[in-house]
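Student: Below: one structure in structure tokens.
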Amino acid sequence: MPFRGAIPVAKEQLAQTWQEMINQTASPRKRLVYLHIPFCATHCTFCGFYQNRFNEDACAHYTDALIREIEMEADSVLHQSAPIHAVYFGGGMPSALSAHDLARIITTLREKLPLAPDCEITIEGRVLNFDAERIDACLDAGANRFSIGIQSFNSKIRKKMARTSDGPTAITFMESLVKRDRATVVCDLLFGLPGQDAQT
């Protein structure tokens, strides 16, 4: 039961239901925008969210479509009726997108949606692909929080999970990201992975 209390909508009613929803005034609660980036460079063995292997052309087309969707929907009553306090890029793996595409999406959101002055803009990433160019593009466009999927710093466990970098590389990556001192940095750690114990 992933969405408790969810009500299924028949396919033929989707467009009408969506229009009814976006023409309502937002509730006074703080709001979050979630953007799903359905691409990963590799498929980690522990992950059930993998959908599409990274492909540069597919990512660029997806970015174009996502930006068009934001631009089409941004002026709706729902989107403009209250400030947005958080934006979360999840996936998949958002850091698989190019630096240019990451910046384009963040910039479009900042231009089109009523983001609160203290809006938290989070980019999920992992050591693979998240190079200095992508990180700087996110920061320069307005991202202020990074959530890094480390899962484990143990090299043997990382290898079993099909992670491409070892533990020391993951540590160095996190240290360099924190040293930039331009965004909040958090990481995911998992326990209970195959072969893992209290020491690993």
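Those letters in the sequence shown? Residues -6 to 193, by this note's numbering.
Note that beta-carbon positions come from the ideal geometry of N, C-alpha and C, so glycine has one too.
Treat the numbers as computed from the prediction; the structure is a model and nothing was measured.
1. Classify Gln144: buried if its beta carbon has 16 or more other beta carbons within 10 angstroms, exposed otherwise.
2. Using the three-state DSSP reduction, which class does Lys23 fall into: helix, strand or coil?
3. Evaluate contact between the region 71 to 82 and the region 15 to 33, counting only Cβ atoms and requiring at least three cross-stretch pairs below 8 Å.
4. Taking the alpha-carbon positions, what's the Pro110 to Gly188 distance?
5. Could you compute how far the alpha carbon of Met(-6) sits from the alpha carbon of Pro1?
6. Tell me which same chain residues have a C-beta within less than 6 Å of the C-beta of Pro87, skipping the five on either side of it?
7. If we ignore side chains and look at the alpha-carbon of each, how far apart do Gln192 and Gly85 end up?
8. Ignoring anything shorter than 4 residues, give me the alpha helix (DSSP H) runs that lie fully in the region 52 to 115, in order along the chain.
9. Spell out whether any CB of chain C is found under 7 Å from the CB atom of Ala51.
10. Rounded to a whole number of angstroms, what is the C-alpha to C-alpha distance between Ala124 and Ser148?
11. What does the alpha-carbon distance come out to for the pair Ala34 and Leu25?
12. Please list, in chain order, all residues of the same chain as His54 whose beta carbon is under 8 Å from its beta carbon, the five residues on each side excluded.
13. Taking the alpha-carbon positions, what's the Phe184 to Ile150 distance?
14. Under the DSSP definition of a beta bridge, which residues are partnered with Phe32?
Tutor: Let me lay it out:
1. buried
2. coil
3. yes
4. 45 Å
5. Below a pLDDT of 50, predicted positions are generally treated as unreliable, and Met(-6), at 41, falls in that range; the measurement from the model is reported next regardless. Taking the straight line joining both Cα atoms gives about 13 Å.
6. Ile30, Ile116, Glu117
7. 29 Å
8. 70 to 73, 92 to 105
9. Looking for chain C here will not work: only one protein chain is present.
10. Note on residue identity: the sequence assigns Asp, not Ala, to residue 124. Distance between the alpha carbons of Asp124 and Ser148 is about 20 Å.
11. 27 Å
12. none
13. 11 Å
14. Asn45
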